[in-house]
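Visitor: Just so you know, the protein sequences line up as chains A and B, in that order.
Heads up, the first sequence is in full-length UniProt numbering, so the first residue is 1 and it goes up one at a time.
Heads up, the second sequence is in full-length UniProt numbering, so the first residue is 1 and it goes up one at a time.
Built from N, CA and C at the ideal position, the CB exists for glycine as well.
Computed from a predicted structure; not experimentally measured.
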Amino acid sequence: MKVTKTTLMASAIAMVAGGAMAEEMTIVSWGGAYSKSQLKAYHEPYSEKSGVTILNDDSSAEAVAKLRAMNEAGNITWDVVDVVAADAIRLCDEGLAMEIDPDTMLAPAPDGTSAADDFGDLLVSECFIPQIVYSTTFGYRTDLVGDTAPTDVCSIFDLDAYPGKRSLEKRPINNMEWALICDGVAKDDVYDVLATPEGQDQALAKLGTIKDNVVWWSAGADTPQLLADGEVIMGSTYNGRLFSVIEEQKQPVAMLWDAQVFDLDGWIIPAGLSEERQKRALDYIMFATDTQRLADQAKWISYGPARASSAPLVGQHAELGIEMAPHMPTDPENAKNTFLYNYEFWADYRDDIDAKFQAWLAQ
Amino acid sequence: MTDATQSGPMLAADGTPLKKSLARSLRRRKLRALALIAPLLLFVLLSFVIPIVSMLFRSVENSIVSETLPLTVIELQHWDAESGELPDEALYAAFTKDMVAAVEAKQHTRLGTRLNYEQTGMSSMFRKSGRQIKRLDVEADAPFKEKLIDIHDGWGDVETWKVIKTHAVPITNGYFLNAVDMRRTPEGAQSQPEDKQILIKLFGRTLFMSLVITGSCILLAYPISYLLANLPMRVSNLLMILVLLPFWTSLLVRTSAWKVMLQQQGVINETLVWLGLVADDARLVIINNQIGTIIAMTHILLPFMVLPMYSVMQTIPETYTRAAKSMGATNWTTFWRIYFPQSIPGIGAGSILVFILSIGYYITPEIVGGTKGVFISNRIAYHISSSLNWGLAAALGTILLAVVLLLYWVYDKIVGIDNVKLG
Chain A
1 MKVTKTTLMA
11 SAIAMVAGGA
21 MAEEMTIVSW
31 GGAYSKSQLK
41 AYHEPYSEKS
51 GVTILNDDSS
61 AEAVAKLRAM
71 NEAGNITWDV
81 VDVVAADAIR
91 LCDEGLAMEI
101 DPDTMLAPAP
111 DGTSAADDFG
121 DLLVSECFIP
131 QIVYSTTFGY
141 RTDLVGDTAP
151 TDVCSIFDLD
161 AYPGKRSLEK
171 RPINNMEWAL
181 ICDGVAKDDV
191 YDVLATPEGQ
201 DQALAKLGTI
211 KDNVVWWSAG
221 ADTPQLLADG
231 EVIMGSTYNG
241 RLFSVIEEQK
251 QPVAMLWDAQ
261 VFDLDGWIIP
271 AGLSEERQKR
281 ALDYIMFATD
291 TQRLADQAKW
301 ISYGPARASS
311 APLVGQHAEL
321 GIEMAPHMPT
331 DPENAKNTFL
341 YNYEFWADYR
351 DDIDAKFQAW
361 LAQ
Chain B
1 MTDATQSGPM
11 LAADGTPLKK
21 SLARSLRRRK
31 LRALALIAPL
41 LLFVLLSFVI
51 PIVSMLFRSV
61 ENSIVSETLP
71 LTVIELQHWD
81 AESGELPDEA
91 LYAAFTKDMV
101 AAVEAKQHTR
111 LGTRLNYEQT
121 GMSSMFRKSG
131 RQIKRLDVEA
141 DAPFKEKLID
151 IHDGWGDVET
161 WKVIKTHAVP
171 ITNGYFLNAV
181 DMRRTPEGAQ
191 SQPEDKQILI
201 KLFGRTLFMS
211 LVITGSCILL
221 AYPISYLLAN
231 LPMRVSNLLM
241 ILVLLPFWTS
251 LLVRTSAWKV
261 MLQQQGVINE
271 TLVWLGLVAD
281 DARLVIINNQ
291 IGTIIAMTHI
301 LLPFMVLPMY
311 SVMQTIPETY
321 TRAAKSMGAT
331 NWTTFWRIYF
341 PQSIPGIGAG
351 SILVFILSIG
361 YYITPEIVGG
371 TKGVFISNRI
381 AYHISSSLNW
391 GLAAALGTIL
401 LAVVLLLYWV
411 YDKIVGIDNV
421 KLG
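(1) Taking the continuous beta strand (DSSP E) assigned at A:N56, which residues delimit it?
(2) Sort B:F144, B:V212, B:K128 and B:E104 by Cα distance to B:F95 and report the nearest one.
(3) Per DSSP, which one or two residues make a beta bridge with B:R27?
(4) Could you pull the DSSP bridge partners for A:A254 from this structure?
(5) State buried or exposed for A:P163, treating a residue as buried only when at least 16 other CB atoms are found within 10 Å of its CB.
(6) For the beta strand (DSSP E) containing A:V84, list its first residue and its last residue.
(7) Can you find a CB in chain B that lies within less than 8 angstroms of the CB of A:Y349?
(8) Quick one, which residues of the region 89-103 of chain B are near chain A if we go by CB-CB under 8 angstroms, in chain order?
(9) Starting from the Cα of B:M313, find the closest Cα among B:Y222, B:I52, B:S25 and B:S124 and give me that residue.
(10) Using a Cβ cut-off of 8 angstroms (strictly closer), state whether A:V64 contacts chain B.
(11) State the Cα-Cα distance for the pair B:L406 and B:L207, rounded to the nearest angstrom.
(12) Is the region 222-234 of chain B touching the region 303-317 of chain B, taking contact as three or more C-beta pairs under 8 angstroms?
(13) Taking the alpha-carbon positions, what's the B:A229 to A:K36 distance?
(14) Going along the chain, which residues of its own chain have a beta-carbon closer than 6 angstroms to the beta-carbon of A:M234, five neighbours each way excluded?
(15) In three-state terms, what does DSSP make of B:D157?
(16) DSSP on B:L11, reduced to helix/strand/coil?
(17) Mapping the DSSP letters down to three states, classify A:V64 as helix, strand or coil.
(18) Tell whether a beta-carbon distance below 8 angstroms holds between A:K356 and A:Q200.
(19) Sort out for me which residues DSSP pairs A:V133 with in a bridge.
(20) Can you tell which of B:V285, B:I380 and B:H167 has the C-alpha that lies nearest to the C-alpha of A:N213?
(21) Which residues, in chain order, does the region 146-166 of chain B contribute to contact with chain A at a C-beta distance below 8 angstroms?
(22) At which residue ranges does the region 341-376 of chain B contain complete alpha helix (DSSP H) runs of 4 or more residues, listed in the order of the chain?
(23) Nearest-angstrom Cα distance between B:D150 and B:I200?
(24) Going by alpha carbons, who is nearest to B:N173 out of B:T109, B:K97 and B:E61?
(25) Counting only runs that start and end within the region 113-165 of chain B, where is the alpha helix (DSSP H) found for 4 or more residues in a row?
(26) Could you tell me whether the Cβ of residue 435 of chain B comes closer than 8 angstroms to any Cβ of chain A?
(27) Give the interface partners of residue 429 of chain B over in chain A, defined as CB-CB distance under 8 angstroms, in chain order.
(28) Mind checking B:V420: buried by the 16 CB within 10 Å criterion, or exposed?
(29) For the beta strand (DSSP E) containing B:G188, name the first residue and the last one.
(30) So, residue 370 of chain A versus A:Y134, is the Cβ gap smaller than 8 angstroms?
(31) Comparing the C-beta of A:Q278 with each C-beta of chain B, is any distance below 8 angstroms?
(32) Would you check if the region 51-59 of chain B and the region 388-399 of chain B touch, i.e. whether three or more CB-CB distances between them fall below 8 angstroms?
(33) Can the beta-carbon of A:W300 be found closer than 8 angstroms to that of A:A41?
(34) Who are the near neighbours of B:L272 in its chain, counting only those whose CB is closer than 6 angstroms to its CB and skipping five residues on each side?
(35) What separation, rounded to the nearest whole angstrom, lies between the Cα atoms of A:E94 and B:I414?
(36) Classify A:V16: buried if its beta carbon has 16 or more other beta carbons within 10 angstroms, exposed otherwise.
Here you go:
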């Protein structure tokens, strides 16, 4: 478990000041720049307001497996967990996450709009409280793609116009959709086609045309590193990672927003917490997911706030001082052609298609 | 001797028979020894043996179907899967009853996830149907057959019931079959469709690459260990630190460093291009494939080979080689006939260590292995943390354990485990 220095210090001070055990809660997230944005926007103001000490645990990548193991062992040590929507659905399905009533447990928007309406369609599961909208999209090296910069996602498959290596995630999700679109399947039909074995073969065949030129990544930091080193000329990753390569590290990289795939990330509260801990977790959630707090997070990282009412409040980056709105995946200029991660389809087809995809990769 | 002439058994000082007294004191000593190691034994048992056994048990455990749908499973026994006809109303009624209870306990989606491993689509079918079946009254709303098929046409598909029936057994061989690219069907075990076969291939690759890594470790470690064992103490200590230094560095740091070294715009390729040995447009591909994994893992596991070799070579007396040479042996003969046979126990110990460690390696192949250089352990990790198919992960793990034990046994038969020395 990684405990950040600030919280260590805070808890040490709290221990000394209070003499007795201070109130503590463990919040699980992804680590890195993302955890920092949460620390600044949520944890620090919340600790100040309530006196609760927050411990960070960077385990979100294995959250479902670990929560399942904790549940079996009957000892749940986490209070609030940050997960992607697909994991939240699975946790809800397995009865490992608590159901949330948006009307009573979440703060309404400042203008009185109920939380349910403010989050709208993004409440994809009864247990899930959305936080941000992020996207998986492409970045390319401006100096390595020749005179015409790519504007179309299908440039990925165009080896003649853009010779060189590309990086794609080592899993079927997103790649199969992009392959089908670029193989002439209409956007609305993608999942109908992908549900058939022929459609899956078609997608793999399309990916096969560039297979020898693909570096497959499994960690979100891989593509930024490969782009910065010039190992690949274009590659997919999370838009926030590309933002930091472009704006913070000033690398010659640009975004290709076309056919970006939106996904959601947010909180769940594990099922089976004691009443006291559950109350504390809910109090935190009520505070951390209100309109202002979600807008505050966007000062630290280029992910779009999940509430409609937060969007107008997004301002400048806290350290770089640049306007954040144009870097949001949800910005109208960037969101001309988008996909929303199809949770239901992948919940059903993930096992089957992943086995095929891995077998195909190993050929 | 008066004792010898005595007719009764030999007695100890306190009058008990000597045999009994001896046995008692032995037993007491054994108990004391056991008490001394009890904390360790208990610790190993609790933190090692029990978790492993329970994990292995998951590879056959499958009570979820019969526990979630107890009435349905009983009814299914009367249904003939071969008839090609849907089950009768009694089964649908039993199923509705089971599902209402399961939805109440939030067990139905868990079962959907389990069955989705076998048949795509089960996950959403159970989730969606659950919401509507919950509203049905188990008494008043009968008959259910039509209603269920209305809710989701999957309930009107014979295949659905076949899958449930096939996987209703509390102890299943299904996970083990999956682990060897087969599957459990109503007609018995069958192979997976060809485009989904991958696990056998990965097992083979894991064994093959572990052997290659062990071999290259032997080749590299032998001369180093020889040097270490035969140089003066001051120099060899310095060299030893060089061997151990990477050993103390984090595994992730070393693996990431290899990435910087090996990639196409990396240190090795840049140097070769600069020297003119490789053309700029034909840079070597030495990462994200098997070569990358072999290089990085050989480097990481090298100390495990050097250390046992070194400690065995240190014990080989120099007088033997001198004696051989004084009797006219050439340098080669001395090495091959005198020195090498004495160093074999070190090679054996190092090889076992390196081979067994590399068979279970996960993070290095994941980072530098690309698609062709990954091991079976990467698949196990996927099933533990991503697909949550713990039964399959357990079956894969069990097979891997069995393979290692089998190889250990073969090694013992061929080389002999007594020939392994760590120093």
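Guide: Straight from the coordinates:
(1) T53 to D57
(2) B:F144
(3) In the DSSP output, where bridge partners are listed per residue, B:R27 has none listed.
(4) A:Y140
(5) exposed
(6) V80 to V84
(7) yes
(8) none
(9) B:Y222
(10) yes
(11) 12 angstroms
(12) yes
(13) 51 angstroms
(14) F138, Y140 and R166
(15) coil
(16) strand
(17) helix
(18) yes
(19) A:L264 and A:G304
(20) B:V285
(21) none
(22) 363-368
(23) 42 angstroms
(24) B:E61
(25) 122-133 and 145-151
(26) Residue numbering for chain B in the displayed model covers 1 to 423; residue 435 of chain B lies beyond these limits and cannot be assessed.
(27) Nothing about residue 429 of chain B can be read from this structure; chain B reaches only from 1 to 423.
(28) buried
(29) G188 to S191
(30) The structure shown does not extend to residue 370 of chain A, since chain A is modelled only from 1 to 363, so the question has no answer here.
(31) no
(32) yes
(33) yes
(34) V278
(35) 50 angstroms
(36) Caution applies to A:V16, whose pLDDT of 45 falls short of 50 and renders its modelled position unreliable; the value that the coordinates give is listed next. It is exposed - the Cβ of A:V16 has fewer than 16 other Cβ atoms within 10 Å.
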